[in-house]
Structures are given as structure tokens and as C-alpha cells.
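*Asks:* I have a structure I would like to understand better, so I am pasting it below and will then ask my questions one at a time.
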Amino acid sequence: MPPVFDYHRCTGCGTCEDACPLDVIYIDEQSGRSFAKYPEECWHCGSCRQECPEEAIQIRFPLRMMVAAGVVPY
Amino acid sequence: MAEERLRTDILIIGGGAAGLNAALSAREVGREVVVMDKAVIERSGHFAGGIDHFAAYLNTGPDWDTREAYLDFTARSARGATNLEVVEKVYCDQLQNAIKRFDAIGCSLRRADNTFFRTQSYGQPGPWWINFNGKRLKPLLGQAARKAGCRVLDRVVTADILIDDGKACGAAGFHIRSGTFYVVQAKAVLIATGGTNRLYQNPTGLSFNCWMCPANTGDGEAMAFRAGARLANVEYLRMTLIPRGFSAAGLNALVGMGGILVNGKGEAFMKRYDLLGMKGPRYKLAEGVLGEIKAHRGPVFVDCRHLDPEALAHLEATLGYDKDTLPDFFKQKGIDLSRDLLEIATSEGMQGGPNEVCGSGIKIDADCATSVPGLFAAGNSADQCRSLHMATTSGIRAGIAMAAFTSGSGARELPVPETQLERIRQRIYGPLKESRSVDWREFEDVLQRILTEGMGPARSDWGMKQAWQKLDLLEKWQDEVRARTYHDLCRAQEVYNMLTVARCMITAARYRKESRFGQCHHRLDYPQTDDERWLGQIAVDRDASGNPRTHFLPIRYD
Chain A
9 MPPVFDYHRC TGCGTCEDAC PLDVIYIDEQ SGRSFAKYPE ECWHCGSCRQ ECPEEAIQIR
69 FPLRMMVAAG VVPY
Chain B
117 MAEERLRTDI LIIGGGAAGL NAALSAREVG REVVVMDKAV IERSGHFAGG IDHFAAYLNT
177 GPDWDTREAY LDFTARSARG ATNLEVVEKV YCDQLQNAIK RFDAIGCSLR RADNTFFRTQ
237 SYGQPGPWWI NFNGKRLKPL LGQAARKAGC RVLDRVVTAD ILIDDGKACG AAGFHIRSGT
297 FYVVQAKAVL IATGGTNRLY QNPTGLSFNC WMCPANTGDG EAMAFRAGAR LANVEYLRMT
357 LIPRGFSAAG LNALVGMGGI LVNGKGEAFM KRYDLLGMKG PRYKLAEGVL GEIKAHRGPV
417 FVDCRHLDPE ALAHLEATLG YDKDTLPDFF KQKGIDLSRD LLEIATSEGM QGGPNEVCGS
477 GIKIDADCAT SVPGLFAAGN SADQCRSLHM ATTSGIRAGI AMAAFTSGSG ARELPVPETQ
537 LERIRQRIYG PLKESRSVDW REFEDVLQRI LTEGMGPARS DWGMKQAWQK LDLLEKWQDE
597 VRARTYHDLC RAQEVYNMLT VARCMITAAR YRKESRFGQC HHRLDYPQTD DERWLGQIAV
657 DRDASGNPRT HFLPIRYD
């Protein structure tokens, strides 16, 4: 479920939320941090990661894509 | 529901390469501009994450590097779909302005030493593709549009064009977070919303894992159709080649840098399918891969191992410019292009024109004007435009033409068609009703199954007729689609538009009783290309009851 957020780094600044062309990313009202509210609507375009000022975002492809591509757990 | 009303000279729907270039050109001559986009324009639409290629002839001397060569190639490779008088005005005449625009916004197509890195692919007679680092193209374009004084409505999805007395006079939509209803009155309206994706089943079963941007769902084409405009070239199916499992852009870079398709026996096979081999058109490459798999010679790979280290380094970098996360995918898959073969598969189907120099969608003339007065179209949502090069040039052309259209019209009354607005409100907020029973995902899944089965690369009249009947049934469920959030309301809107586009596609494809452009329109019942009867476009517009009807528009190529 891409993107994956590193909550030690994420400040909840909302940059990734604005960068997402699919409206996947929201700021959680309780924690004040980013989360993927609609992970199945991610296009893996990497806009959020490119814009994140804290380098807090990693891309983790969905299992269906990884199995289709023959990727094994690491 | 809260409501906001605005007035402007020019309303631009879709803040991508076409829309923002139109906005900048209209601002240059002082027009007031409003841009509406369903996301935030610095990272919205197909180039959100980056782009790495732009097609241009540069007049450097050789015959292939000229306007004549470009038009000759377009006429040959998109024969029956391209209209050269339009291409000259919306591409050739604006090409130099487009290259300057890239420099002006700070995203040059040139390398540090002021030269262009050029590659060749897809049957083109020379290296027309300029490779460049376009990872920041969208933020730079978006910032330039704001700086130029455009009023930007981010996260506002457009529902319909407002029509008064047969003329476009604005548009209405809603905010995908707050639900606020927006009404923008304008003297001229541009549709620049990209193509139609998520229409066909994805090989991974993940609808949003698609080649082009999954937010581009034919909203503009469907709105134009409802407004009475003509669509054209919508019968053509596009398929491309992708790394198995990831519907990522990158084929142009792989082929352009010299990658070779090989089958399970390690044989390079493309010469069997096209005289140009690896330099053949995209649909031939897809045909070759399907052919090898069908002949039990799969799986198919792309082999880049013979490339020299410099070329490989360029290839790896440019793949990441075109699809930011493709290098991550290779890494997780353990692929090193200098050492490993990369398995290739065919992508999901898409609605699209025949190739990189001719599109599909709203029919435009040389001013980017549609058949509805005051309504214009550009970029991938226009029938003649495709790829970044035509999105940029047609945007500039549309901006100039709309500025001329609105000049001296300062006193024009901008009526508000309140009856139409009420219909739009009823439709767009309908899915929020508790009583509705069908999730938009379920609706989309059924639509994709119908098109994949009946409107794929092997078509027949009975198959398409069955698909049509099923779409008729599906349409009866349209008023059952539900949404629990405003985000989902946007998705409900998208599947509604996808269904409209699907109906237009089938109507045109059934009417064209011949085959053209290989698997783009392959009729099992009419397998030959018939230029005597079918050299031209099929235009689709709505009849009095709202159903699609066809018109054949012959095109002459002298």
C-alpha cells in the first residue's frame, strides 16, 4: 500500500497531500500525520516522495504487482 | 450545499500541460483566466510525477528534421485519423513557441551544454524525441500560471459545461474535499482534461495501476458530448508494452535507446511483424509480443545488455524521469538492465488515437475550437493531439485563439442557465443519498469487463452489439451509484463519464466496417483496410434524445 510514511520524520506539513494527483493522501486528524486514505487509488507516480521535505516517504508496491512481477519478500 | 460563483473571460478545465500553456498564453494578452483542476495543479494529471520526452523537428539540415517530414510522417502513419491543416496550426506553427515556453518556465528541453539529446522510435524517420528531465515540469508550470495571475480552483472537479442558446458560457463542478458547488461563468471555455483511462481491465486487477493517469477519465470528452460537441477517432484502442506487473511509462526510452525485444528462445522477433523491426510503430510492438506469446514462444523480454555503459546510464536516468518509481520497481525486482532481461507484457487497453502524433477525443479545428461556439479543446482530450509535444503546442494555440475569440466581447452578457444548473446539482450530489446501493468500484469493474470482452483488439459486430446491450443495462444502474465522501463523489462522477465515452467508442467502432492501424481497430468481420470507403474520421455527437450518432467525415491526403 504505497506510499509508506516514516513517522519519525513526518511532520504532517501536508506537502504530500497537495502533491497527490489522486487525492490518496490525507492528514490524520488525531495524529496530525500523513496517511494513505485511499491506498488502492495510488498511481505510483512518486509525486509525494519527490515533494516531501523530510524524505519521509517510501514506495511499497501492492502485493498483486509484486507477485505479477515475481518479487519476493526482502 | 455551499455555493461559489465566479466570472472570468476564459475558463480552463484541466491544469495539465495543455491547460496551463493555454492559461499562460491567454494571460500574456491580458485575459482573465480561471483554471479548474480535480487535483492541485503543481502535481496533477499525466505529467504529475515527471516526463522525459518531447517530439520536435528542429530544422538542423537533414530531410527528416523538417516540417514537411513531420507532416508527411503524420499523413502516412495516421492516415484517416489525422487532419493536416489542423496539425500545421496546432503543432507546427507553435513548435518554436513551445520550446521557448519550456525555457521561460525554467524546465529547458536542452542539456547543460545547450544541445538536445535526441532519440528515434515508433516508425519515425529520424530522432524526433528530445529526452529531457521533466520531473519538475508540472510544479514549474503550475507556479508560472499562478505567478501570471491565473485564478486557480484546485481540487474542483468539473461536472458539466454550461450552455445558453447553443453557446458555452461557463461550467459547474464541486470541490472534492468540501463538496462546495462552483459555478464559473466565462466567455470561452477550454477542455484540457486528458484522455480516458480505467476503461479496460488491468492485467494486475488494480484499476489505478494504469499506464496513463487514472485521474484522467474522459470527463472532458463526456462533458463535450453532453454539450453537443463532436468527438472523433474514439473507435481506436491503444495498448502499449509495460514491465510485467507495473503499467509504467518507459517503452519509448527502452526502444529509443536501443533495447531489443526477445522471445523465450532468446530470438529477436520484431522483423517478423514489421519491416522496421524495433523501430516500428507502438501497436506493431504490442502485436509482436502478443504474437510470440500466442505462438508459444513466450515469455517476452526486452534486452538492454548490449548497450554501452553511457547509453545504459542515460536509459536508467530517463526511465526515472518518465516514471519516478520505475527504478524502485526494478530494484525490488532485482533487475539490473546491464545484466538482466526485463520481462515485458501488454498493458491494459485505453481509448486513444493511432499513434504518438495523432490523438482521439473532442473534434477540433485549427483554432482548437469544437463544434459548440465558445467551447475549445486541447491536449490529449482533443482528437488531433497526443503526447507532450502536442499538449504544449495545442495549449498555446488554444490560448491565443480563445484570447482572440473573447476580444471585444467585454460587454457580452453571461447568462446563468439556472434550469441546467439545477439538473447538474441533482446529478452530482445524487450518489450521496443513503438509498443508493452500488459502489462506484463495482460499477467500474462491470464497465471494464464489458469493454475488455467486447471492445478489445479483436472486434466483431456481434461482440460489440452484445457489449452495447450490456452498457444499456449498466446505464440503468447509473442512478444507483453511491458515494459516502466527496472524494468518492468525484469517483462516481468519473465512472459516469467513462460510461458516456464507452458508448461513443462502441458506436464509432461498430460503424467503421473495416480494420485500421493494426490492433487499434481490428475487425474480425472486416479484416482489411478500405481506403475507398473509410478514409476519414467518424464523428460522434448526441441526437435529440442524448444517444450517440455517427457522421463520416472523409479526409483527402494529396
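Chains A and B are the protein sequences, given in the same order. Per this note's numbering, the first sequence runs over residues 9 to 82. Per this note's numbering, the second sequence runs over residues 117 to 674. Positions of the beta carbon are idealized from the N, C-alpha and C atoms, including for glycine.
#1: How about Cys60 of chain A: is its C-beta nearer than 8 Å to some C-beta of chain B?
#2: Is the CB-CB distance between Leu406 of chain B and Asp499 of chain B below 8 Å?
#3: Which first and last residues belong to the beta strand (DSSP E) in which His291 of chain B is found?
#4: Going by CA-CA distance only, name the one from B:Met339, B:Met518, B:Asp452 that's closest to Gln609 of chain B.
#5: Please confirm whether Gly380 of chain B has its beta-carbon closer than 8 Å to some beta-carbon of chain A.
#6: Listing by chain order, which chain B residues have their CB less than 8 Å from the CB of Tyr46 of chain A?
#7: Shorter than 8 Å from the beta carbon of Val12 of chain A to some beta carbon of chain B?
#8: State yes or no: is the beta carbon of Ile128 of chain B nearer than 8 Å to at least one beta carbon in chain E?
#9: Cβ of Asp595 of chain B less than 8 Å from any chain A Cβ?
#10: Report all residues from its chain with a CB closer than 7 Å to the CB of Gly289 of chain B; omit the five preceding and five following residues, and keep chain order.
#11: Compare the Cα-Cα distances from Met518 of chain B to each of B:Asp647, B:Pro489, B:Pro330, B:Asp281 and report the closest residue.
#12: Note down, in chain order, each residue of its chain lying with its Cβ closer than 7 Å to the Cβ of Pro24 of chain A, except the 5 sequence neighbours on either side.
#13: Checking the sheet assignment: what are the DSSP bridge partners for Thr312 of chain B?
#14: Alpha carbon to alpha carbon, what distance is there between Phe218 of chain B and Ala433 of chain B?
#15: In chain B, what lies closer than 7 Å to Cys50 of chain A by C-beta?
#16: Quick one: which chain B residues come within Cβ less than 7 Å of Pro29 of chain A?
#17: Given that Gly321 of chain B touches chain A, what residues does it touch there, using C-beta distances under 8 Å?
#18: With DSSP collapsed to three states, give me the class of Ala275 of chain B.
#19: Do Asp72 of chain B and Gly250 of chain B have their C-beta atoms closer together than 8 Å?
#20: Report yes if the C-beta distance between Asn438 of chain B and Ala369 of chain B is below 8 Å; otherwise report no.
#21: Out of B:Cys208, B:Glu538, B:Ala583, B:Asn332, which one is the CA nearest neighbour of Val611 of chain B?
#22: Mind checking who Arg123 of chain B pairs with in its DSSP beta bridge?
#23: Does the segment 162-176 of chain B come within contact of the segment 505-523 of chain B, defined as at least 3 CB pairs closer than 8 Å?
#24: Residues of the segment 253-274 of chain B in Cβ contact with chain A at a cutoff of 9 Å, in chain order, please.
#25: What are the start and end residues of the alpha helix (DSSP H) that includes Ile544 of chain B?
#26: How is Asp188 of chain B classed by DSSP in three states: helix, strand or coil?
#27: Could you name each continuous beta strand (DSSP E) segment of 3 residues or more that falls completely within the segment 380-461 of chain B, going from the start of the chain to the end?
#28: Give me the Cα-Cα distance between Thr312 of chain B and Asp424 of chain B, rounded to the nearest whole angstrom.
#29: Compute the distance between the beta-carbons of Leu30 of chain A and Glu48 of chain A, then report whether it is under 8 Å.
#30: So Phe362 of chain B contacts chain A; which residues on that side make the cut at Cβ distance below 9 Å?
#31: Closer than 7 Å by C-beta to Gly634 of chain B: which residues in its own chain qualify, once you throw out the five before and the five after it? Chain order, please.
#32: Determine, for Cys55 of chain A, whether the minimum Cβ-Cβ distance to residues of chain B falls below 8 Å.
#33: Just to confirm, is the Cβ distance from Cys329 of chain B to Gly310 of chain B under 8 Å?
#34: Can you tell me where the alpha helix (DSSP H) with Leu136 of chain B in it begins and where it stops?
#35: Within a Cβ cutoff of 7 Å, which residues of the same chain sit near Gly380 of chain B, ignoring the five residues on either side of it in sequence?
#36: Measuring only between beta-carbons, confirm whether Gln564 of chain B sits less than 8 Å from chain A.
*Replies:* Walking through what the data contain:
#1: Here the question's residue 60 of chain A lines up with position 52 in the first sequence. No, Cys60 of chain A lies away from the interface with chain B (no Cβ there is under 8 Å from its Cβ).
#2: For the purposes of this step, residue 406 of chain B is taken as the residue at position 290 of the second sequence. For the purposes of this step, residue 499 of chain B is taken as the residue at position 383 of the second sequence. Not a contact, by the Cβ cut-off of 8 Å.
#3: As a working note, residue 291 of chain B is residue 175 in the second sequence. Its beta strand (DSSP E) spans residues 283-291.
#4: As a position in the second sequence, residue 609 of chain B is number 493, starting the count at 1. Selected option, being the one with the closest Cα: B:Met339.
#5: Position 264 of the second sequence, counted from the first residue, corresponds to residue 380 of chain B. Not an interface residue.
#6: Taking the first residue of the first sequence as 1, we reach residue 46 of chain A at position 38. Here the neighbours are His603.
#7: Position 4 of the first sequence, counting from 1, holds the residue named residue 12 of chain A. No, Val12 of chain A lies away from the interface with chain B (no Cβ there is under 8 Å from its Cβ).
#8: Structure shown: chain E not included; protein chains present are A and B.
#9: Within the second sequence, residue 595 of chain B is the residue found at index 479, counting from 1. So no, Asp595 of chain B is outside the interface.
#10: Mapped onto the second sequence, residue 289 of chain B falls at position 173. Contacts found: Met152, Val272, Val273, Thr274, Ala275, Tyr298.
#11: Counted from its first residue, the second sequence places residue 518 of chain B at position 402. Out of B:Asp647, B:Pro489, B:Pro330, B:Asp281, B:Pro489 has the C-alpha closest to the C-alpha of Met518 of chain B.
#12: Along the first sequence, read from residue 1 onward, the residue named residue 24 of chain A stands at position 16. Before going on, a small fix: residue 24 of chain A reads as Cys here, not Pro. Cβ within range, chain order: Ile33, Ser42, Cys56, Glu59, Cys60, Ile65.
#13: As a first step, residue 312 of chain B is located in the second sequence; it is residue number 196 there, counting from the start. Paired residue(s): B:Thr333, B:Gln467.
#14: Taking the second sequence and counting its residues from 1, the one referred to as residue 433 of chain B is at position 317. Taking the second sequence and counting its residues from 1, the one referred to as residue 218 of chain B is at position 102. So the two alpha carbons sit approximately 20 Å from each other.
#15: The sequence position of residue 50 of chain A within the first sequence is 42, counting from 1. Correct list: Phe324.
#16: Here the question's residue 29 of chain A lines up with position 21 in the first sequence. In chain order: Ala155, Arg159, Ser160, Gly161, Ala164, Cys329, Ala331.
#17: Stepping through the second sequence from its first residue, residue 321 of chain B is reached at position 205. Here the neighbours are Arg72.
#18: Residue numbering aside, residue 275 of chain B sits at position 159 when the second sequence is read from its first letter. Correct three-state label for Ala275 of chain B: strand.
#19: Missing from the structure shown is residue 72 of chain B; chain B here goes from 117 to 674 and no further.
#20: Here residue 438 of chain B refers to the residue found at position 322 of the second sequence. Here residue 369 of chain B refers to the residue found at position 253 of the second sequence. Looking at the sequence itself, residue 438 of chain B is Asp, so the reference to Asn does not match. The answer is yes: Cβ separation under 8 Å.
#21: By 1-based counting over the second sequence, the position of residue 611 of chain B is 495. The shortest Cα separation from Val611 of chain B among B:Cys208, B:Glu538, B:Ala583, B:Asn332 belongs to B:Asn332.
#22: Reading the second sequence from its first residue, position 7 is the one you call residue 123 of chain B. Beta-bridge pairing links Arg123 of chain B to B:Gln301.
#23: The answer is yes - the segment 505-523 of chain B touches the segment 162-176 of chain B, with three or more Cβ pairs under 8 Å.
#24: Shown in chain order are the members of the segment 253-274 of chain B whose Cβ falls below 9 Å from a Cβ of chain A: Lys254, Pro255, Asp270, Arg271.
#25: Counting from one through the second sequence, the residue named residue 544 of chain B turns up at place 428. Annotation for Ile544 of chain B: the continuous alpha helix (DSSP H) segment containing it runs 534-545.
#26: The residue labelled residue 188 of chain B in the question sits at position 72 within the second sequence. Here Asp188 of chain B carries a helix assignment [DSSP, helix/strand/coil].
#27: DSSP runs (the beta strand (DSSP E)) wholly in the segment 380-461 of chain B: 416-419.
#28: For this step, residue 312 of chain B is matched to residue 196 along the second sequence. For this step, residue 424 of chain B is matched to residue 308 along the second sequence. When rounded, the distance between both Cα atoms is 38 Å.
#29: The sequence position of residue 30 of chain A within the first sequence is 22, counting from 1. The sequence position of residue 48 of chain A within the first sequence is 40, counting from 1. No, the pair does not count as a contact, with Cβ atoms beyond the cut-off.
#30: By one-based count along the second sequence, residue 362 of chain B stands at place 246. Within chain A, His52, Phe69, Met73, Ala76, Ala77 have C-beta atoms less than 9 Å from the C-beta of Phe362 of chain B, given in sequence order.
#31: Residue mapping note: residue 634 of chain B aligns to position 518 of the second sequence, counting from 1. Contacts found: Tyr399, Lys400, Glu403.
#32: The residue given as residue 55 of chain A occupies position 47 in the first sequence. The question names Cys, but residue 55 of chain A is Ser in the sequence shown. Cβ-Cβ to chain B under 8 Å: yes for Ser55 of chain A.
#33: As a first step, residue 329 of chain B must be located in the second sequence, where it is residue number 213. As a first step, residue 310 of chain B must be located in the second sequence, where it is residue number 194. Result yes, Cβ atoms of Cys329 of chain B and Gly310 of chain B sit closer than 8 Å.
#34: Counting from 1 along the second sequence, the entry for residue 136 of chain B is found at position 20. Start and end: 133-144.
#35: Along the second sequence, one-based indexing puts residue 380 of chain B at 264. Contacts found: Arg413, Gly414, Pro415.
#36: Taking the second sequence and counting its residues from 1, one reaches residue 564 of chain B at position 448. So no, Gln564 of chain B is outside the interface.
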